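Counting from 39, one number per residue, gives the positions in the sequence shown under our numbering. Contents: one structure, followed by commentary.
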Amino acid sequence: MPIADSDGTSIYYERHGNGPAILFVHGSGGHHAAWWQQVAALREEFTVVTVDLRGFGKSDSSMPEFDGQDFPGDVVAVLDQEDLTDAMLVGQSIGSVAALRAGLLRPERVGSVVLGHSLGGISHPELKELAAADRAEAVKLPVIDRLLTKRFQQERADLTFLFQQMGTFNVAKMQDLRNLDTNGPSLDDIRASGVKVAFLAGEKDAVLSVKTVTRAHELLAGSHLEIVPDGPHSMYWETPEKYNAAVAHLRRTLTAPKEAA
Numbered sequence: 039m040p041i042a043d044s045d046g047t048s049i050y051y052e053r054h055g056n057g058p059a060i061l062f063v064h065g066s067g068g069h070h071a072a073w074w075q076q077v078a079a080l081r082e083e084f085t086v087v088t089v090d091l092r093g094f095g096k097s098d099s100s101m102p103e104f105d106g107q108d109f110p111g112d113v114v115a116v117l118d119q120e121d122l123t124d125a126m127l128v129g130q131s132i133g134s135v136a137a138l139r140a141g142l143l144r145p146e147r148v149g150s151v152v153l154g155h156s157l158g159g160i161s162h163p164e165l166k167e168l169a170a171a172d173r174a175e176a177v178k179l180p181v182i183d184r185l186l187t188k189r190f191q192q193e194r195a196d197l198t199f200l201f202q203q204m205g206t207f208n209v210a211k212m213q214d215l216r217n218l219d220t221n222g223p224s225l226d227d228i229r230a231s232g233v234k235v236a237f238l239a240g241e242k243d244a245v246l247s248v249k250t251v252t253r254a255h256e257l258l259a260g261s262h263l264e265i266v267p268d269g270p271h272s273m274y275w276e277t278p279e280k281y282n283a284a285v286a287h288l289r290r291t292l293t294a295p296k297e298a299a
């Protein structure tokens, strides 16, 4: 069973396939197994790494409380353990915050970071205001309606049930990830790192609007923007074919060597 040591905390992860590396970082209700539809589709072309942040899945959950500021170190521990270079980190929702911070901590190991349905905790006054306005609308909906479309819930009651069950394997909760946004990186911090950033957005995301993500892309010079038609917030689960195609495209695209500092 692969385990990485993150400053004394045991972090569970899995590695599948061969080729350029993609490391997925789950959101507040996920863990390594949430990526089952990505592993199966991508492992023939890529090395696919999935990880459980502390408090999630099979990673150490014995601590009395969890600090979201520790999560980027969990990702870094796996990068170091597997000696990955030019990895592409793909975050889902708030997992994107941990992914971006991990990339900035280990730019020699991370070539690019994909912020899935998230601004990655970037510290910028305009973006914070736009994201807050999106959240104010999202909280008017039941949690499940923010994450999956009504149509999917009706047509795939089985996968909707499994999606909800995923979170029951975790000890850490959403509130344990909230402070990940504290003291986030600036646009200048990201540019200086040399790590490429891509924003992956869903057209029907009920949590973060395409308008907000597009503005983040405009502000971060050199970033990439991938908008998936009809994609909901949990696109990786509800529309995996479109999501997988977008991730594969980004992995193939974001492979150019970094510019010399």
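Glycine included, C-beta positions come from ideal geometry on N, C-alpha and C. Source: prediction; values computed, not measured.
When C-alpha distances from L142 are compared across Q76, G260 and A230, the shortest belongs to A230. Collapsing the DSSP output to three states places D268 in coil. When secondary structure is reduced to three states using DSSP, K211 falls in the coil class, being assigned neither helix nor strand.
Following the DSSP letters along the chain, one finds S150 inside the beta strand (DSSP E) bounded by residues V148 to G154. Residues of the same chain with a CB within less than 6 Å of the CB of A72, apart from the 5 flanking positions on each side, are H64 and M204 in chain order.
With respect to the C-alpha of Q75, the residue from E276, A115, R289 and L288 having the closest C-alpha is E276. A Cβ-Cβ distance of about 7 Å is found for the pair V77 and T88, placing them in contact under the 8 Å criterion. The residue from P267, L238, K242 and G269 with its alpha-carbon nearest to that of A254 is L238. Cβ neighbours of H54 within its own chain (closer than 6 Å, five residues either side excluded): V77, R81 and V86. For Q75, the enclosing alpha helix (DSSP H) begins and ends at W74 to L80. Within the same chain, G93 and S99 come within 7 Å of V209 by CB-CB distance, once the 5 residues on both sides are set aside. Closest by C-alpha distance to L263, out of I132, L288, V245 and A244, is L288.
Residue environment for L168: buried (at least 16 other C-beta atoms within 10 angstroms of its C-beta). Here V266 has L238, A239, G240, E241, M273, T277, K280, Y281 and A284 as same chain residues with Cβ atoms under 8 Å from its own Cβ, once five neighbours each way along the sequence are excluded. Two segments are said to touch when three or more pairs of C-beta atoms, one from each, lie closer than 8 Å; by this definition the region 159–167 does not touch the region 188–197. Looking only at A115, S224 and G158, the smallest Cα-Cα distance to G46 is reached by A115.
DSSP lists R53 and L61 as the bridge partner or partners of V87.
For the pair I49 and D118, the CB atoms are not nearer than the 8 Å cut-off.
Between L185 and R147 a beta carbon distance of about 31 Å is seen, past the 8 Å cut, so the two are scored as non-contacting. Boundaries around I41 are those of the beta strand (DSSP E), I41 to S44, since no alpha helix (DSSP H) includes it. With respect to the 8 Å criterion, L153 and V235 are classified as neighbours on the basis of their beta carbons. In the three-state reduction of the DSSP assignment, K280 falls in the helix class, which pools H, G and I.
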